[in-house]
Each structure stands twice: as C-alpha cells, then as structure tokens.
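Asker: Supplied in structure tokens, the structure appears directly below.
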Amino acid sequence: MTDKIEPKEFWHHLDDVMAGMLTLHGARPVPMSPYADKEAGAIWFITARGTDIEESLRGGPKSAQFIVAAGDAQLYANIEGTAQIVHDPEKLDEIWNVIADSWFEGGEADPDVTLVRFDLREAEAWTTDGKLGFLYEIAKAQVTDEKPDMGAHGRLNFAA
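Numbers 5 to 164, taken from the working numbering, label the letters of the sequence shown in order.
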C-alpha cells in the first residue's frame with residue numbers, strides 16, 4: 005500500500021461515491037449522497053427540513069464527519085470538516101438530479117429542500133484498484149510471497 009494519497013486522486017474517487025454516512029455532533033449518522041466540489045474544497049448534500057441534520061444545523065455551523073465505504077468508487081475515507089445550511093439556488097440547480105428529485109414532491113422548489121455545505125478540514129483515505137486489482141494482488145502475493153499492494157493510503161489536509 006502506498007503511504008501517500010494525492011488530492012487529485014481523492015477527488016476523482018469521491019466523484020464516484022453514491023452515498024456515505026454524515027454525522028454532526030449531537031446528531032445520529034445518516035446516509036447521504038455527496039456532491040463533490042473540488043474547487044471549493046467542499047461536499048454538498050441535499051436534505052429536508054425537519055431531518056436530524058437540518059435541525060442540528062439550524063443553530064449554525066457544526067463539526068461534521070462523512071464516512072465513505074464505497075467499493076464501487078474504490079474509496080474508503082473518514083472526512084472531517086464543518087457543515088452548515090446554505091441558501092444558494094444556483095448551487096442547488098447545479099447539483100440537482102434525479103436522485104434528489106425522487107425525495108421531494110415539489111422538485112427543487114419544494115419548501116422542504118435544504119442545502120448543506122460541508123467544508124473539508126482533513127481526511128484519511130484509502131483508494132483501491134477495485135475487485136480485479138484486488139484479486140490480481142492476492143494471486144501475485146501467493147506466487148511471490150510479497151505482501152499485496154492494495155492501493156494508496158494517506159492523510160489529506162484541506163485547511164488553507
């Protein structure tokens with residue numbers, strides 16, 4: 005396993021993540037679909053008014069954690085940062101998709117739609133080469149008696 009993961013690689017894999025577990029201090033972890041925003045160093049989430057996440061953020065920004073275990077995206081990560089409710093119709097329009105639309109009867113205009121911005125502070129991440137890469141490395145290890153190379157691992161700091 006490589007001891008360093010590059011930010012570009014992290015964001016590339018994060019783009020393919022369909023869901024992870026988001027938790028805030030004082031709120032239970034819940035599955036959420038992330039929308040990666042590399043340029044802003046943020047992940048966006050769409051939730052509804054009245055959820056634990058939304059209610060917890062009503063008082064302002066809070067420390068948050070997003071846990072990813074996405075084999076299809078070849079990413080496993082513990083991401084820490086700060087989450088807050090943001091009213092940004094342009095960003096909502098940019099990330100709105102069929103998944104979000106499935107949860108809200110009124111679409112983007114539904115009054116319960118709530119946009120959450122998660123600004124990344126740091127992450128510990130592991131990337132893999134997927135199932136075929138895993139099987140190859142296991143087979144190679146059996147033949148060569150070397151430890152399998154399971155991908156990259158490292159810590160990333162996003163604080164400017």
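By construction, the Cβ of each residue, glycine as well, lies at the ideal position given by its N, Cα and C atoms.
(1) Residues in the same chain with beta-carbon distance under 6 Å from Pro33, minus the five sequence neighbours each way, listed in chain order, please.
(2) Residues in its own chain within less than 8 Å of Asp97 by CB, not counting five upstream and five downstream?
(3) Could you tell me which residues DSSP pairs with Ile47 in its beta bridges?
(4) Checking 8 Å against the spacing of the C-beta atoms, do Glu58 and Ile89 come in under that value?
(5) I need the straight-line Cα distance from Glu109 to Lys8, nearest angstrom please.
(6) Name the DSSP beta bridge partners of Lys12, please?
(7) Under 8 Å, do Ala74 and Val120 count as touching if we go by C-beta distance?
(8) What does the Cβ neighbour count give for Thr131, buried or exposed, with the cut at 16 atoms within 10 Å?
(9) Thinking just about the alpha-carbon of each residue, which of Arg53, Leu79, Ile47 is nearest to the one in Arg125?
(10) Quick one: Cα of Glu43 to Cα of Arg62, how far?
(11) Once DSSP output is grouped into helix, strand and coil, what is the label at Gly111?
(12) Within its chain, find whatever has a CB closer than 7 Å to the CB of Pro65; leave out the 5 residues flanking it on each side and keep chain order.
(13) Suppose you measure from the CA of Ala40 to the CA of His17; what does that come to, to the nearest Å?
(14) Output the boundary residues of the beta strand (DSSP E) element that contains Val102.
(15) Leaving out five residues on either side along the sequence, give the residues of the same chain with a beta carbon under 7 Å from the beta carbon of Leu79.
(16) Take Ala23 and list the residues in its own chain whose beta-carbon comes closer than 7 Å to its own, dropping the five residues that flank it on each side.
Answerer: In brief:
(1) If we look at Pro33 and ignore the five residues flanking it on each side, its Cβ neighbours are Met25, Thr27.
(2) Taking Asp97 as the centre and dropping the five residues before and after it, the same chain places the C-beta of Glu112 closer than 8 Å to its C-beta, in chain order.
(3) Looking at the DSSP output, Ile47 bridges to Ala40, Phe122.
(4) Less than 8 Å divides the Cβ of Glu58 from the Cβ of Ile89.
(5) Between the alpha carbons of Glu109 and Lys8 lies a gap of roughly 44 Å.
(6) In DSSP, Lys12 forms no bridge with anything.
(7) Not in contact: Ala74 and Val120 (Cβ atoms no closer than 8 Å).
(8) Note on Thr131: 16 or more other CB atoms within 10 angstroms of its CB, so buried under the neighbour-count rule.
(9) Of Arg53, Leu79, Ile47, the smallest CA-CA separation from Arg125 is found for Ile47.
(10) Taking the straight line joining both Cα atoms gives about 26 Å.
(11) Three-state DSSP puts Gly111 in a helix.
(12) Cβ within range, chain order: Thr86, Ala87, Gln88.
(13) Taking the straight line from one Cα to the other gives about 10 Å.
(14) Counting along the chain, Val102 sits inside no beta strand (DSSP E); it lies in the alpha helix (DSSP H) bounded by residues 102–105.
(15) Closer than 7 Å at Cβ, skipping near neighbours: His17, Leu18, Val21, Val72, Ala129, Thr131.
(16) Cβ-Cβ distances below 7 Å link Ala23 to Pro35, Met36, Ser37 in the same chain, with the five nearest sequence neighbours on each side left out; the list follows chain order.
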